[in-house]
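A quick write-up on the structure given underneath.
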Amino acid sequence: MNNVKESNSANISTSFSGTGFRGPWTLLKKELLRFWRVAFQTVAAPVITALLYLLIFAHVLAGHVQVYNGVPYTEFLIPGLIMMSVLQNAFANSSSSLIQSKVMGNLVFVLLTPLTHFQFFVAFLCAAIIRGLVVGLCIYLVAMWFVDIHIANPLLVFAFALLGSALLGTFGIIAGIWADRFDQMAAFQNFIIMPLSFLSGVFYSIHSLPSFWQKLSQLNPFFYMIDGFRYGFFGKGDVSPLTSLCIVGLSFLVLAMITLKMLKSGYKLRA
Amino acid sequence: MNPAIKINGIHKNFGSLHALKGIDLTIEQGEFFALLGPNGAGKSTLISILAGLIKPSSGDISVMGFDVVNQYQQARQLLGVVPQELVFDPFFNVREMLRFQAGYFGRGPENDAWVDEILEGLGLADKANTNMRKLSGGMKRRALIAQALAHKPAVIVLDEPTAGVDVELRQMLWQFIKKLNIEGHTIILTTHYLEEAEALCSRVGMMKQGEIVALDSTANLLNKFAGKKLRLTLGGVALPASLQSLLRSQDNGIFTFALSDMEQIEFVLSALRAANIKVLDMHLSEADLEDVFLSLVGKAS
């Protein structure tokens, strides 16, 4: 590091030792406050949506859909709905924060700082994970009023919730960097996130599907997140939880690497 | 002592547009420097490269000796840039934004006294707890300036800070910025208001079509390009040919001449007398930066 001479005035600091922990922590805090300030929309709304799914699907489909032996449909549905909400909200947090900041132009306040691309990534990622977990926890707590839910393996449940929200939070960062307009972001939501989450076995066990659709489902990373998460609840699932954990973990690493590369190059953020 | 800003052969191409054509510029610590130029001259592009928002096609810039690309953390820590666009974050109030902004630079609660000083200095104290969304345009502009100052940067860049701003804020802003300059902060200003640059800045750089066309102390520029301005009301007459070279503008029988010294006044008056032209009114004034600016960039732009 160059030796910078102290300026005439004693109170202007020209020395630098990094922003330390405070820089990225401030960005994380800002991102958390951003969704917490509008918690009615970012937490309460997805909880209500999940409960509506639960009430309607449980009412209509109970007894009609064959799931695991000995597991009532309503109970089967709950982990899937929780995980779907965790994933969608983790994605929504990072993607909507970035697209809003880009469209409003206030992302410049962060781009002007000494924060590294890695710190930027970690702050947005952690905020997305926390939003996903908060929404998931709220749905779980509310659902407990309606159904008696037993968790067989809490560690597995937590591991999938964490990795799943990290994966979708990262995907949200990619979408937020790539999209220039709100309609492009909506396309991401409607044509990628929604189909993948609805066709992932939230509402059914893929063993009930014709073999072609079973094979297709196995190409969907959302399937492994939902199935692994559900495995934590019931101690059984459509595939081994270890397989799911590896696939989800690997997907996260690949997306994280792509994201870091985008951020480092300044893709779409720095001309 | 490292210069506050050192710009070496900066080029920037946007596709086929050669926006910056080899800018070289050194700004010393403690200077109050004005960067002037018409729209599209490349001032904001240059500032964006300095701030790390745009990558240069070639060349390099350093802030207090730190390269803005390779040592961006150190360079940005020392730099406070007020963006030209009136942007804000609608989720937070003014004080929260300033604390966040300081926090990104690693500054915590120990910085709160400085935040209060900025709020006071920019007349934002009674708006500190108001949401950004609810501020008027002028107040938003103040908050934008405050955000750039939140980490107490050694080098402050104001990109058109007074565009569309009322007189009160302008005076308040300049008072505060002058104080910072006296305390040792380097100030770089781009503006369309030439009288501001003339009143505040000790040195001026003028840009035109991606190049620096003039760079000197404000006093030298004023002397070099036009010493005095002589405005004569003559009516509808044909000016003697010998005076054409001194003529700056002509409007409705009022002729304005740019003179390098007092002796030329006598020359103008005797030429008019010889041509039998009567002077109806006369006004003599010092040239201002606007005259310099117009003589350098005005006609082409």
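For the protein sequence lines, the chains are L and D, in the order given. Going by this note's numbering, the first sequence opens with residue 1096, and the numbers climb by one from there. Going by this note's numbering, the second sequence opens with residue 495, and the numbers climb by one from there. Ideal Cβ positions, reconstructed from N, Cα and C, are used throughout, including at glycine.
Between residue 1300 of chain L and residue 1333 of chain L, the gap from beta carbon to beta carbon is short of 8 Å. Burial state of residue 1341 of chain L is exposed, judged by a 10 Å Cβ sphere holding fewer than 16 other Cβ atoms. Inclusion of residue 616 of chain D and residue 589 of chain D in the CB contact set at 8 Å is not warranted, their separation being larger than that value.
Below the 9 Å Cβ cutoff, chain D contributes 567, 571, 597, 598, 599, 600 and 601 as neighbours of residue 1114 of chain L, in chain order. In terms of Cα proximity to residue 600 of chain D, the closest of D/579, D/646, D/611 and D/627 is D/646. Of all residues in the segment 522–548 of chain D, only 523, 524, 542, 545, 546, 547 and 548 place a beta-carbon less than 8 Å from a beta-carbon of chain L. Annotation note: the segment 607–694 of chain D contains the following uninterrupted alpha helix (DSSP H) runs of length 4 or greater, listed N- to C-terminal: 631–643, 661–676 and 688–694. If you draw a straight line from the Cα of residue 613 of chain D to the Cα of residue 519 of chain D, it is about 33 Å long. Residue nearest to residue 777 of chain D within the set D/787, D/598, D/722 and D/761 is D/722 (criterion: CA-CA distance). Contact of residue 1293 of chain L with chain D by beta-carbon distance below 7 Å is absent, the smallest such distance being about 31 Å. Closest by C-alpha distance to residue 566 of chain D, out of D/585, D/577 and D/544, is D/544. In this structure, residue 712 of chain D lies near residue 692 of chain D, with their beta-carbon atoms less than 8 Å apart. Within the same chain, 1247 and 1248 come within 7 Å of residue 1330 of chain L by CB-CB distance, once the 5 residues on both sides are set aside. Residues of chain D whose Cβ lies closer than 7 Å to the Cβ of residue 1122 of chain L are, in chain order, 598.
With contacts defined as CB atoms closer than 8 Å, residue 750 of chain D and residue 739 of chain D fail to qualify as a contacting pair.
Around the beta carbon of residue 1175 of chain L, 16 or more other beta carbons sit within 10 angstroms, so the residue counts as buried.
Collapsing the DSSP output to three states places residue 579 of chain D in coil.
Here residue 542 of chain D is buried: its Cβ has 16 or more other Cβ atoms, across all protein chains shown, within 10 Å.
Close to chain L, meaning a Cβ-Cβ distance shorter than 9 Å, are the following residues of the segment 630–642 of chain D: 641 and 642. By the Cβ-count criterion, residue 1335 of chain L is exposed, with fewer than 16 other Cβ atoms from all chains shown falling within 10 Å of its own Cβ. The CB of residue 1280 of chain L never comes closer than 7 Å to any CB in chain D; the least such distance is about 18 Å. Inside the segment 1283–1362 of chain L, DSSP marks no whole beta strand (DSSP E) run of 3 or more residues.
Interface flag for residue 575 of chain D against chain L is set, since a Cβ pair is found closer than 8 Å. Segment contact: the segment 1200–1219 of chain L against the segment 1249–1261 of chain L, fewer than three CB-CB distances shorter than 8 Å; contact not assigned. Closest option to residue 1136 of chain L, judged by alpha-carbon separation, among L/1171, L/1166 and L/1187: L/1187. Contact note: residue 579 of chain D reaches chain L through 1200 and 1203, using a C-beta cutoff of 9 Å and chain order. Taken through DSSP and simplified to helix, strand or coil, residue 749 of chain D comes out as strand. One alpha carbon belongs to residue 663 of chain D, the other to residue 632 of chain D, and they sit about 8 Å apart.
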